[in-house]
Amino acid sequence: MNILHVISGNLDGGAARGAFWLHTALKELHINSKIITTSTKIIEDTDIIYVSEDNYYRRRLEQIVLDKNYPNRTKQIFSTGLFGFDITKLKEFEKADVIHLHWINDSFIKIEDIKKFKKPIVWTVRDLWPMTGGCHYPMDCKNFFDKCGACPQISSNDQYDLSNKILQLKKDSFNSNIQIVGISNWVTNNAKKSSLFKNFNIKRIFNNVNSKTFLPLNKEISKKELLLPLDKKIILVGAQSLDDVYKGFSKFIKAISYLNRNDYFLCIFGEITTDLLIQINMPHKLFGFVKNSVNLNKLYSASDVFVAPSITEAFGKTIVESMLSGTPAVCFNATGPKDIISHKKDGYKAKPYSPKDLANGIEWVINNTNYNNLCLKTRENAKEKFDSIVISAQYKKLYERIINKKSSAKVIQKRLHTEKNQNNDKIKDLVFDALTTNNYNFSILINSFYLNIEKLNKKPNKKYIIYGNGTIKKIIEALLTNKIVGFIDINDSKDHSKVLSNLIYDKIIISVMGREKEIQNYLTKEIGIHKKKLYIFKI
C-alpha cells in the first residue's frame with residue numbers, strides 16, 4: 001500500500017505537524033507512506049520529498065493578485081489556489097495508490113491540477129478552505145453553503161468577485177474520486193452543508209497527536225526549569241498567532257479579569273501584538289513561538305490549566321497536546337474543540353462565548369479537589385481518542401477500502417474484457433466508474449451488486465434465467481455467461497409460462513432494480529412461479 005501525503009508548510013508546526021505524525025504512525029503499521037512538502041524545516045526521514053525552491057515566488061505572485069484587486073481586504077488568511085506545483089510529474093506520485101491531501105495552501109497545489117489526479121484521493125480537511133471561495137474560516141458568513149460572492153474577508157460587494165470564481169473553479173475541478181475527511185464534527189458537518197462537497201462521501205476522523213511526544217512531566221521540576229513561580233497557579237494560553245480574531249484572545253483577556261490576579265501567573269506562547277499584551281492585567285511571561293516539542297511539552301506540564309478560547313477552530317490540537325501532557329484544558333463548547341473535552345470529566349467546556357464562564361472553567365480546574373485524578377483522566381481520555389497510532393489505524397482501514405474497491409473494479413473490467421460478447425465497452429466503463437468513485441450512494445450499491453453476482457457464479461452447476469432487458473441485465477449476462485439459459489421481460493410478446501416450462505433452471509434473477517416487488521407479484525401470482533425460485537439482489 002503506497003500512500004503519498006501532500007502537505008504545505010513546515011512539518012514542525014501547525015496543521016502540518018498532525019499530518020507528519022500520521023505519516024510516522026502509518027509507517028509503524030508497515031504502510032509505505034511518503035510526504036511531498038514545501039517545508040523548509042528539514043527532518044531526517046528519507047520518505048520526505050522537499051519541493052520548496054520555487055514556492056516563495058508562487059506565494060508572492062498570489063499576494064500581488066490579492067493586493068492589486070483587493071487592497072482593503074481584512075487581515076484574515078485568504079488563499080486563491082490559482083498557483084501551484086504540478087506533483088503529477090513526480091515518480092512518487094506515479095507509484096502511489098492513494099494521494100492524501102492535507103493543508104495544500106501557500107500556493108503549493110493549484111486547484112485546476114487536482115482534476116489531473118487520476119488516482120483515488122483522500123483529503124483531510126484541516127480548515128474550511130477546501131469548501132469555500134478562498135477564506136479558511138468564514139466566521140458568520142454562510143455563502144459557501146450556496147455560492148460565494150460579495151466576500152466580507154476581501155471587503156467585496158461584488159457578487160461575482162474572486163471568491164465566486166474560486167468556488168466555481170473548485171466545482172469544475174473536484175470530482176467524486178475525492179474522499180473527504182473532517183478532523184472534527186464541526187468541519188464534517190460544514191462539509192455536508194457546503195454546495196461543493198454535499199454530494200461527496202464525507203467521514204470524520206479526528207486529528208491526531210503523538211502521545212510519545214507529549215508526556216506528563218513533573219510539574220514542580222518543569223516550573224523550576226522554566227523559571228516560573230512555585231507559589232502561583234499557572235494558566236497557559238497559546239496558538240501560532242493569538243492576533244487572529246477567531247482565536248478569541250479578547251474573550252480570554254476579559255475572562256481573566258474575573259480572577260484574583262494575585263493567585264495566578266500567566267504563560268503565553270505564540271505570536272502576539274503589543275496592543276493585546278497591554279490589555280493583560282496579570283503577571284505574565286512570554287515564550288514566543290515554541291517550535292521544539294520538548295520545550296512545549298515542558299510548558300504544558302508546568303501549567304495547572306490550559307485555556308483555548310477560540311471562537312472558531314477546526315479541531316484544537318493544542319488542547320490535546322496539553323491533555324496528553326497531563327494538564328486539563330478549558331474551551332468554549334463550540335466548533336472543533338467541543339469534541340475534545342468531556343465536560344467536568346477531563347476538563348471544562350464554557351458556554352459560548354461567555355468570558356465569565358471561561359473564568360468559571362479555569363477555577364473549576366484549579367480548585368478541583370481531585371486535581372491529580374483529573375490530570376490522569378485527562379491524559380487517558382486524550383490518548384484513547386486522539387493518539388496517532390489510534391487515528392492511523394482508522395486511516396489504514398479507509399485506504400484499504402478505497403484500494404480494494406479500485407481492485408474490484410479492475411477485476412470486473414478484466415472479466416468483461418475476456419468475455420466473447422465484445423459489446424461491453426459502455427458496461428465496462430459504467431462498472432469501473434461506479435467502483436472507483438467515492439459517491440458511495442452509487443458505488444456501495446454496485447459493489448454489493450457485484451458481490452451478489454460472485455456468489456451466484458461460485459455455485460456449481462446452477463442455471464439462471466434473467467428477468468429484464470436493461471443495462472443491469474447486460475452486466476449479469478456478461479459476468480455469468482455460462483450459467484444463463486434464457487431471458488424474459490414484461491415488454492416482450494412471449495408466453496412466459498410456456499417459455500419457463502421449456503427451460504431447466506434454478507433461479508430467475510430479477511435485474512430490474514426498483515420494481516422488485518411488482519415483478520415478484522407478477523411472476524408468483526400471474527405466472528405461478530414459487531417465491532423460492534426468484535433471486536432478488538440484497539442491496
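Numbering follows my numbering, in which position 294 of the sequence shown is assigned residue number 294; successive positions increment by one, without gaps. Backbone N, C-alpha and C fix where the C-beta goes; we use that ideal spot for every residue, glycine too.
Supposed contact pair residue j and residue i - C-beta distance, whole angstroms, cut 8 Å
i	j	result
Y348	W364	5 Å
F85	I109	7 Å
Y450	I510	Not quite, the Cβ-Cβ distance comes to about 16 Å (not below 8 Å), so this is no contact.
S195	D140	That belief does not hold up - the Cβ atoms of S195 and D140 are roughly 18 Å apart, past 8 Å.
W542	A25	Nothing can be reported for residue 542: it is not among the residues displayed for the chain, which extend from 1 to 539.
For residue i, the three-state DSSP class (helix, strand or coil)
i	result
W123	strand
R401	helix
H343	strand
N502	coil
I42	coil
H136	coil
A96	coil
R58	helix
V365	helix
G13	coil
S448	helix
L299	helix
C267	strand
Bounding residues of the alpha helix (DSSP H) (the contiguous stretch that carries residue i)
i	result
T37	Premise fails: T37 lies in the beta strand (DSSP E), 32-37, not in any alpha helix (DSSP H).
S163	162-173
V320	317-324
Q520	516-521
L217	That residue, L217, is in no alpha helix (DSSP H); it is neither H nor E in DSSP.
L277	274-277
Rounded separation between residue i and residue j - CA only
i	j	result
F252	L358	8 Å
P216	S301	6 Å
I476	K531	21 Å
I340	N105	26 Å
F265	I111	46 Å
Q422	K68	Model confidence at Q422 stands at a pLDDT of 46, short of 50, so the residue's coordinates are unreliable; what they give is reported in the following sentence. Rounded to whole angstroms, Q422 to K68 spans 58 Å at the Cα level.
L540	F332	This structure does not reach residue 540, given that the chain is present from 1 up to 539, and the question cannot be answered.
R60	G9	15 Å
I231	K383	Here residue 231 is Asp; the residue named in the question, Ile, does not match the sequence. Going by the C-alpha atoms only, they are around 30 Å apart.
V122	P130	12 Å
D495	L480	25 Å
M323	G18	16 Å
N88	F117	In the sequence as presented, Asn is not what sits at residue 88; that position holds Thr. The alpha-carbon atoms of T88 and F117 are separated by roughly 7 Å.
T524	L534	9 Å
K233	N295	19 Å
N540	L128	This structure cannot speak to residue 540, because the chain is shown only from 1 to 539.
T606	R126	Nothing in the structure corresponds to residue 606, since the chain is present only between 1 and 539.
N157	L169	20 Å
D45	K171	36 Å
E62	K247	25 Å
I472	K517	17 Å
Extent of the continuous beta strand (DSSP E) to which residue i belongs
i	result
A308	305-308
L479	Careful: L479 lies outside any beta strand (DSSP E), inside the alpha helix (DSSP H) at 471-479.
Q179	178-182
A191	Counting along the chain, A191 falls outside any beta strand (DSSP E), though it belongs to the alpha helix (DSSP H) covering 185-193.
C331	329-332
Is it a yes or a no for the segment 199-210 touching the segment 169-182, going by three-plus beta-carbon pairs under 8 Å? yes
Would you check if there are 3 or more beta carbon pairs closer than 8 Å linking the segment 321-328 to the segment 213-228? yes
Given 8 Å as the limit, is there contact between the segment 397-406 and the segment 91-100, that is, 3 or more CB pairs closer than that? yes
Contact between the segment 34-41 and the segment 132-143 is defined here as three or more beta-carbon pairs at a separation below 8 Å; is this criterion met? no
Does the count of Cβ pairs from the segment 302-312 and the segment 223-242 closer than 8 Å reach three? yes
Below 8 Å, how does it come out for the segment 460-473 and the segment 485-501: are there three or more Cβ pairs, yes or no? yes
Is the segment 373-390 in contact with the segment 265-279, if contact means three or more CB pairs nearer than 8 Å? no
Is the segment 252-263 touching the segment 314-322, taking contact as three or more C-beta pairs under 8 Å? no
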